[in-house]
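In what follows, a single structure is set out as C-alpha cells and then discussed.
In full-length UniProt numbering, the protein residues as written are 1 to 589.
Structure, rendered in C-alpha cells:
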C-alpha cells in the first residue's frame, strides 16, 4: 500500500508540496483495526493523526451520542494534535479498517521544515468547520462505500436483493458484487471459510484491492452464519438484514451472529414485500435486529431498487412540508412540480397541514387526487364545525378525525412504502414529538390539533397538540434520517398578523375594522400566538434544506378554504420556478 499516494489523495494533505509529502510519507505507518475496536478514548492525549485508507470509523461522545462517521481518505484527530488538546471524542472502527498513523512529533517536524504545510492544512480545517451541519452529514453519508446484504433467516432471498442493489447503483457508479464464489475463485476453494492466517491475509489484500477500484461494494453473505457472513458484517459500512413479509420474527443463527459480532455499523431491515401483503411484523424485526430503519422491496420492482439505492447512497430526496392551515394547499402545487420535473420523493414528513399532505404523498396519491381530497375535506364539507362550549377548545374535532380515518383507513406509518413521519408538540414536556410508527390517521390528526381550536390529544399521561407550535418545518427530523437532499416547502407568512394604520394603543381597534377580511380573526390570533416559538427558528430550519421553497401565500388566512385553487396554482408556479433552478443539483450523482 503506497502511503504517499494515499496522503496525496487526502484533502488535508493534498495541497502540500511534493517534498513535504515525501517527508510525511517517510514517517507514516500502517495500522489495522478490527470492526468494533476502540482507536482512542475521549480525554486521552492526542499523540497521532490518523487517515482512513480503507474502512470506516465513528466518533462517539462520552454519553454515547454518535457525532459522525469518518470515511475513506478522511483524517481523525488532526485538530487535537495541532492544538495540543486531549481527544474530544472516542473513536471506534465501524468495520475492519486500515489506517495511516502519523505521530505528532513527526508531523511537527514536517511543519517546521515546510511552514507552508501548516497554512494549507489550516485552510482545509477552517473550510470543514465552516460547513453547515447538513452539508457535513450529507458528505458523511455519501462517503459510505460498502454494504453487507445478509439473510436474517434462511428463506430470505438476499441474493436477489444484492443483485438488484448492485444493478441500481451500477446505473451511476462503478460497483462490484462480492460473494464467496468470487473470492474462492480468486484465492482458491474454501478461502472465505478458512482460518489460516496466510489465506486470511490474501483475502484482506484482495478485498482492499477491489475496494480501491470501485465506488461501491455489495457484499453478499451466505445463508449460513459462517466465517464469510462474519467477514461481510465486519467489512460493511452498513448492514442490510433481508427478511420476508411472510416470515415470523425469531432469533435465528444469523441474528445471533450479528449480535455477537460487536459491529458498530448501522443495521437496517430490507423486507421483501409483494404488492398487497401487510408487513405486520416489521417493528418486531427491527427490534430483533436493533435496526435503525427499514425499506420495502417488491420483488422485481426496478423503481423500488432505485429508491433504495438513492437512499443508501445519500441521494434520496426527502420532502418536508410545513404547517399553515389553508396556506398548506400550496404543497399540492409543490408535489405537482416535483413530479413534472421527475424529481422523486423517497421520504416525506411534515407538521400540521404539512403532515396531512406529506401523508397523502407517502400513500402514493397524485397531485390531482390530493386536490380532490382537499376540496372534499375542506371546501365542500366542513369537518371543523363541531363547535362546543369553549372549556377546552372551540371544536370537538371528532368529525375531522373521522374524516382522516376514512381517508387513511387502518394504514400504519411503518407500513407505508414511502418512509414518512409527522411532528406534534408535547405540551406537557415542552418538546417536539416525532411519529414514525403507529396509526397514520391518529398521528396526522394529532399533528393538526391547533391549541385553542381543537382539543389536545392525551397520550401516556401527556397532552399533544399541533406540531407547528414548536416545529413548523421539521427539516431537522429529515436531516437526522440521513437519506439525502431535502426539499422544504414553507407556507408560513412573514410579518404574521397586524393592525395596519392603527397607532394606538387602542384595546378596541380590532372591533373597529371596516372590512372583515382585513381584521385578524380569532383562529388567526390563536394560531399566531401558538406558533411564535416555532417561527423564530425558521431560518435555522431553512438552512438544513437543499431546496428551500418559501411559498407566496400572503393574504391567505388560516381557514381561507375557498382559496384552494388559487393557492394551489400559486404554489405550483412558484415551486416549478424554484425547483427547475436546482433540479440538476438535487439529482447530481
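We put the CB at the ideal spot given by N, CA and C, even for glycine.
Assignment of beta-bridge partners to residue 268 by DSSP yields 240, 293.
When secondary structure is reduced to three states using DSSP, residue 181 falls in the helix class. Contact check for residue 420 and residue 488: beta-carbon distance about 16 Å, past the 8 Å limit, so the pair fails to qualify. Contact check for residue 31 and residue 104: beta-carbon distance about 15 Å, past the 8 Å limit, so the pair fails to qualify. One alpha carbon belongs to residue 409, the other to residue 566, and they sit about 29 Å apart. In the assembly as shown, residue 87 is a buried residue. Its beta-carbon has 16 or more other beta-carbons within 10 Å. Closest option to residue 442, judged by alpha-carbon separation, among 12, 413, 134: 413. Here residue 462 has 426, 428, 429 as same chain residues with Cβ atoms under 7 Å from its own Cβ, once five neighbours each way along the sequence are excluded.
Between the C-alpha atoms of residue 191 and residue 330 there is a straight-line separation of about 59 Å. An exposed status is given to residue 369, since fewer than 16 other beta-carbon atoms sit within 10 Å of its beta-carbon. The DSSP assignment places complete alpha helix (DSSP H) segments of no fewer than 4 residues inside the region 140 to 216 at 158 to 170, 180 to 187, 197 to 213, in order along the chain.
Pairing residue 135 with residue 179, the inter-Cα distance amounts to about 34 Å. Cβ atoms of residue 415 and residue 304 stay farther apart than 8 Å, at about 15 Å.
Where residue 340 is concerned, the enclosing alpha helix (DSSP H) starts and stops at 330 to 340. In this structure, DSSP gives residue 431 an extended state, which the three-state scheme calls strand. Within the DSSP bridge table, the entry for residue 75 names 51 as partners. At the C-beta level, residue 343 and residue 317 come within 9 Å of one another.
In the DSSP assignment, residue 426 falls within the beta strand (DSSP E) that extends over 420 to 426. Taking the Cα positions, residue 245 is about 38 Å away from residue 205. Apart from the 5 residues on each side of it in sequence, residue 437 sits with its Cβ closer than 8 Å to the Cβ of 283, 412, 413, 414 in its chain, given in chain order.
Our two residues, residue 507 and residue 485, have alpha carbons roughly 48 Å apart in a direct line.
Residue pairing of residue 30 in beta bridges, as defined by DSSP: 100. Annotated three-state conformation of residue 4 is helix, per DSSP. Distances from the CA of residue 288 to each of 302, 307, 268 were compared; the closest alpha carbon is that of 268.
The closest CA to that of residue 434, considering only 417, 451, 468, 403, is found on 468. When DSSP reads this structure, residue 538 sits in no beta bridge, so it has no partner.
CA-CA distance, residue 98 to residue 124, rounds to 23 Å. Within 10 angstroms of the beta-carbon of residue 540 lie fewer than 16 other beta-carbons, which makes it exposed. Three or more pairs of CB atoms, one per stretch, sit closer than 8 Å, so the region 141 to 153 contacts the region 217 to 224. In this structure, the CA atom of residue 432 is about 7 Å from the CA atom of residue 423. Inter-segment contact for the region 59 to 79 and the region 110 to 119 is absent: fewer than three beta-carbon pairs are separated by less than 8 Å. DSSP places residue 513 in the coil class of the three-state scheme, outside both helix and strand. Collapsing the DSSP output to three states places residue 413 in a helix.
Taking a C-beta distance under 9 Å as the contact criterion, residue 233 and residue 194 do not qualify as a contact pair.
Taking one beta carbon from each stretch, the region 332 to 349 and the region 565 to 580 have 3 or more pairs nearer than 8 Å; the two touch.
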